[in-house]
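Participant:
In the UniProt record's numbering, the protein residues as written are 1 to 598.
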C-alpha cells in the first residue's frame, strides 16, 4: 500500500492555486457519496447550520490545543488520542465549509498522525483502526478533489461493505463524537448515532460512555443540571461495567455527584450516591499515576460540597482523600494540574494565598480560565489592589481570539463601572468591545457574569448597564467638555451596536430565546438599584471623612492621646510594593481585530 505525504502532496503554492478553482467548481461529491467522513455525514443529515448556538470551530480548536498543551510530545493515553481524533474531524470539516483548505489539510495531517500512533496497548483504537483509516483518507481524497489535485497516490482504505461489525460500529462512534460537538441542534442525531453504534456492537463500553455524555449534555442544557434520566444513568454504569476504564468511571462519578445534589433526593439516597462516587474515585486514584487523570479526580472531589452535606457519614473520608491527592499532584510541573489545585483552594477553601501560588503556574501555561482566576486572587486578597485592570489588559495580548477578547474586555468594563465606579476610565475599552459582533460574543455580553466585585453575583446584560451609566455620565455636571464629548461618541456607537443586536436577536432567536430580554432586564434592575445604594453610601462616607479631617486639624498634637506605635514584627506584604509599571496611552488603547466581526 503506497504511502503518500500529505504535506508534500499539498504544498502551500498548490493550495493557493486550488483555492481559486473551488468557488468556480460545481459541488464536488467525490469521496462523499458512499463514503463515511464528516462531509458525507453533514450532507446526509442536512444539519441546520443556521441553528448553531456556539462557535464550533473555536471550541474544538481550543479543546484540542488545551489537550495537547497538557501532554508531552511523546506517547499519549488512548483516551486522549481518541479525543484528539474526534476534535480534528470537526475542525477539518469547519475549515472545509469555510474554504480554508490549508488549515483543513493540517487537520487531516493530525488525524493521520493519530492513526499511525496506535499501538498494541491501544486496544479500543486498534479494534476500529480500519474505520479511522476510512474516515481519514476518504476525507483527504475529498479535499484533494476540491483542490483539483491528483488522488492516484492516495492511501488505500477499506470500504464499508468489507468491514467487520466492530469497525462498522466505530464509524457511528466517530459520528457520535462529531455531532456532539455541534450542540443542541444535533442532539437527536448524536443520540441516534450512539444507539446505532451500540446496536451494532453491544460489547464496546465506549459507545455507552458516549451515549451517557450525550444525555448528560442534553439534561444540563434542557432540564435540571442536578437531575439524571434513567437511560443516562444506566448507560454510564454499563460503560464502567464493560470497560472498567478510568475516564468512564469519572463520568459516572460526575453523575453521582449531580444526583446527590438533587433537592428531591432524600438524605439516605444522597449518602449512597456519594458513597458510590467515593468508591470509584478511590479505584481511579489507586490504579494509576497519571497526574492529569488525577487532576480530574480533584475536580470531582471539589464538587462534593462537604459543607452542604456534613451530616452525611459518607463525607468523613473526603478531607484525607483530598490531602493525599493534592500532595501527589503538587509534585507535577504541569500548569494545568496546578490550575485544578488553585481552583480548589480558591473556590472550596477560600485560601487565596495558596490559590494564587498554584494559579500562577497555570497562568504561565497560558490557561485562559486559570489566568482570569489568578488575577481574581489578587482582588480577593485586596479589593483595592491597582493591578486588576492592567493585568487584564495584558491578557488581551496573550488571547487574541474574539471569544477571549469579549470576555476580557467585559470583565474590565464591569470592574471599572461596578467596582471602581469609573465610567470615564471604562470609555477606553467600550469601543473595542462593541467591535466584536459575532453572535456567540453578543450573547455573552448580554449574559455577562460579574467577577471582580464583592457585591454582584448575578449575570447581567452589560449592554443595558452601559446605556444606563452613559446616560448618568451625561447628566454629570462635573465632567469636562472633553469627557462629555467622549461619552457622546461612545453612546452613539452603543446605539448603532444595539440596532445590530436587535436584528441579530430576530435572526438568531434559537440563541437568545423569546424571554431573553425580560430575564436580563430583571437582573439589571436589581444591579442598578444596588449600585446606586453603594454610590450613595460611598458619597456619605467621603463627606463624613472630610468632616472628621476638618475637626482633626483643630486638635493639637499634645491633646491627641492616641499614638502610633511601630510594628515590632513587620511582615512582608505582596501589596506593600507600589506597582511602578506605567502603561502609556498607546498601550492602554485597545484596538479592534479585523476578524472580530466574523
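Where a beta carbon is used, it is the ideal one built from N, C-alpha and C, also for glycine.
Source: prediction; values computed, not measured.
Taking the C-alpha atoms as reference points, what is the distance between residue 475 and residue 467?
Facilitator: Taking the first residue of the chain shown as position 1, residue 475 is located at position 475. Taking the first residue of the chain shown as position 1, residue 467 is located at position 467. Cα-Cα distance, rounded: 13 Å.
Participant: Anyone know if the C-beta pair for residue 380 and residue 352 falls short of 8 Å?
Facilitator: As a working note, residue 380 is residue 380 in the chain shown. As a working note, residue 352 is residue 352 in the chain shown. Taking 8 Å as the Cβ cut-off, residue 380 and residue 352 qualify as a contacting pair.
Participant: Could you check the C-alpha separation between residue 303 and residue 318 for me, to the nearest Å?
Facilitator: Here residue 303 refers to the residue found at position 303 of the chain shown. Here residue 318 refers to the residue found at position 318 of the chain shown. If I take the Cα positions, the gap works out to 11 Å.
Participant: Which class does residue 455 belong to by DSSP, given the choice of helix, strand or coil?
Facilitator: Along the chain shown, one-based indexing puts residue 455 at 455. Reduced to three states, the DSSP call for residue 455 is coil.
Participant: Since residue 169 and residue 204 are thought to touch, with beta carbons under 8 Å apart, how far apart are those beta carbons, to the nearest angstrom?
Facilitator: Locating residue 169 in the chain shown gives position 169, where the first residue counts as 1. Locating residue 204 in the chain shown gives position 204, where the first residue counts as 1. The pair is a contact, with the Cβ atoms about 6 Å apart (cut-off 8 Å).
Participant: Identify every residue that forms a DSSP beta bridge with residue 449.
Facilitator: Position 449 of the chain shown, counted from the first residue, corresponds to residue 449. For residue 449, which the question treats as bridged, DSSP gives the partners 459.
Participant: In this structure, does DSSP put residue 271 in helix, strand or coil?
Facilitator: Taking the chain shown and counting its residues from 1, one reaches residue 271 at position 271. Three-state DSSP puts residue 271 in a helix.
Participant: Where does the unbroken alpha helix (DSSP H) through residue 250 begin, and where does it stop?
Facilitator: To locate residue 250, count along the chain shown from 1; it is residue 250. Start and end: 246-260.
Participant: Is residue 419 buried or exposed, if buried means 16 or more other CB atoms sit within 10 Å of its CB?
Facilitator: As a position in the chain shown, residue 419 is number 419, starting the count at 1. Buried, since its Cβ has 16 or more Cβ neighbours within 10 Å.
Participant: Alpha carbon to alpha carbon, how far is residue 88 from residue 504?
Facilitator: Within the chain shown, the letter at position 88 stands for residue 88. Within the chain shown, the letter at position 504 stands for residue 504. When rounded, the distance between both Cα atoms is 30 Å.
Participant: Check whether the region 77-91 touches the region 404-422, counting contact only when three or more Cβ pairs, one atom from each stretch, lie closer than 8 Å.
Facilitator: Judged by Cβ distances under 8 Å, the region 77-91 makes no contact with the region 404-422, as fewer than three pairs qualify.
Participant: Can you give me the start and stop residues for the alpha helix (DSSP H) that residue 138 sits inside?
Facilitator: Locating residue 138 in the chain shown gives position 138, counting from the first residue. Residues 129-146.
Participant: Note down, in chain order, each residue of its chain lying with its Cβ closer than 6 Å to the Cβ of residue 391, except the 5 sequence neighbours on either side.
Facilitator: Locating residue 391 in the chain shown gives position 391, where the first residue counts as 1. Once the five neighbours on either side are set aside, the close Cβ partners of residue 391 are 375.
Participant: Residue 194 and residue 176: beta carbons closer than 8 Å?
Facilitator: Locating residue 194 in the chain shown gives position 194, counting from the first residue. Locating residue 176 in the chain shown gives position 176, counting from the first residue. For residue 194 and residue 176, yes; Cβs fall inside 8 Å.
Participant: For residue 510, count neighbouring Cβ atoms within 10 angstroms of its own Cβ and tell me buried if that reaches 16, exposed if not.
Facilitator: As a first step, residue 510 must be located in the chain shown, where it is residue number 510. By the 10 Å Cβ count, residue 510 comes out exposed.
Participant: Leaving out the 5 sequence neighbours to the left and right, which residues in its chain are closer than 7 Å to residue 429 when beta-carbon positions are compared?
Facilitator: For the purposes of this step, residue 429 is taken as residue 429 along the chain shown, with counting starting at 1. Excluding positions up to five away in sequence, the list reads 409, 412, 413, 590.
Participant: Measuring alpha carbon to alpha carbon, tell me which residue in 226, 254, 221, 227 is nearest residue 237.
Facilitator: The count along the chain shown starts at 1 and reaches residue 237 at position 237. With distances taken between Cα atoms, residue 237 lies closest to 254.
Participant: How big is the Cα-Cα spacing for residue 446 and residue 210?
Facilitator: Your numbering for residue 446 matches position 446 in the chain shown. Your numbering for residue 210 matches position 210 in the chain shown. Taking the straight line joining both Cα atoms gives about 32 Å.
Participant: Could you spell out where the alpha helix (DSSP H) holding residue 97 opens and where it closes?
Facilitator: Counting from one through the chain shown, the residue named residue 97 turns up at place 97. Counting along the chain, the alpha helix (DSSP H) containing residue 97 begins and ends at 78-98.
Participant: Does DSSP put residue 507 in a helix, in a strand, or in coil?
Facilitator: Counted from its first residue, the chain shown places residue 507 at position 507. Of the three classes helix, strand and coil, the one that applies to residue 507 here is helix, per DSSP.
Participant: Could you say which of 470, 299, 198, 291 lies nearest to residue 251 if we only look at CA atoms?
Facilitator: Looking up residue 251 in the chain shown gives position 251. Measuring from the Cα of residue 251, the nearest candidate turns out to be 299.
Participant: Output yes or no for whether 8 Å exceeds the beta carbon distance between residue 131 and residue 68.
Facilitator: Taking the chain shown and counting its residues from 1, the one referred to as residue 131 is at position 131. Taking the chain shown and counting its residues from 1, the one referred to as residue 68 is at position 68. No, Cβ-Cβ distance for residue 131 and residue 68 is not below 8 Å.
Participant: Using 8 Å as the Cβ pair cut-off and three pairs as the minimum, do the region 37-57 and the region 148-163 touch?
Facilitator: Judged by Cβ distances under 8 Å, the region 37-57 makes no contact with the region 148-163, as fewer than three pairs qualify.
Participant: Could you check whether residue 359 and residue 342 sit closer than 8 Å to each other, using their CB atoms as the reference points?
Facilitator: Along the chain shown, one-based indexing puts residue 342 at 342. Along the chain shown, one-based indexing puts residue 359 at 359. Contact: yes.
Participant: Reducing DSSP to helix, strand and coil, say where residue 386 ends up.
Facilitator: Here residue 386 refers to the residue found at position 386 of the chain shown. Residue 386 falls in the coil class under three-state DSSP.
Participant: Please classify residue 60 as buried or exposed, where buried requires at least 16 other C-beta atoms within 10 Å of its C-beta.
Facilitator: As a position in the chain shown, residue 60 is number 60, starting the count at 1. Buried: at least 16 other Cβ atoms inside 10 Å.
Participant: Around the C-beta of residue 270, are 16 or more other C-beta atoms found within 10 angstroms, so that it is buried, or is it exposed?
Facilitator: The residue labelled residue 270 in the question sits at position 270 within the chain shown. Classification for residue 270: buried.
Participant: For residue 109, does the three-state DSSP call read helix, strand or coil?
Facilitator: Residue 109 sits at position 109 when you count from the first residue of the chain shown. DSSP places residue 109 in helix when its eight states are reduced to three.
Participant: Excluding five sequence neighbours on each side, which residues of the same chain lie with their C-beta closer than 8 Å to the C-beta of residue 364?
Facilitator: The sequence position of residue 364 within the chain shown is 364, counting from 1. 335.
Participant: Where residue 63 and residue 117 are concerned, what is the direct C-alpha to C-alpha distance, given to the nearest angstrom?
Facilitator: The sequence position of residue 63 within the chain shown is 63, counting from 1. The sequence position of residue 117 within the chain shown is 117, counting from 1. Those two C-alpha atoms are separated by around 20 Å.
Participant: Measuring alpha carbon to alpha carbon, tell me which residue in 357, 441, 127 is nearest residue 201.
Facilitator: Numbered from its first residue, the chain shown carries residue 201 at position 201. The shortest Cα separation from residue 201 among 357, 441, 127 belongs to 127.
Participant: Mapping DSSP to helix, strand and coil, what is residue 428?
Facilitator: Taking the first residue of the chain shown as 1, we reach residue 428 at position 428. Three-state result, residue 428: coil.
Participant: In angstroms with no decimal places, state the Cα-to-Cα distance between residue 192 and residue 433.
Facilitator: Counted from its first residue, the chain shown places residue 192 at position 192. Counted from its first residue, the chain shown places residue 433 at position 433. Approximately 40 Å, taken between the alpha carbons.
Participant: Beta-carbon within less than 6 Å of residue 144's beta-carbon, same chain only, minus the 5 sequence neighbours each way: which residues are those?
Facilitator: Within the chain shown, residue 144 is the residue found at index 144, counting from 1. Taken in chain order, the residues that qualify are 151.
Participant: Is the beta carbon of residue 52 sitting closer than 8 Å to the one on residue 141?
Facilitator: Taking the chain shown and counting its residues from 1, one reaches residue 52 at position 52. Taking the chain shown and counting its residues from 1, one reaches residue 141 at position 141. Going by C-beta atoms, residue 52 is not nearer than 8 Å to residue 141.
Participant: Pick out the complete alpha helix (DSSP H) segments inside the region 354-409, 4 residues or longer, and give them in chain order.
Facilitator: Runs found: 368-381, 388-398.
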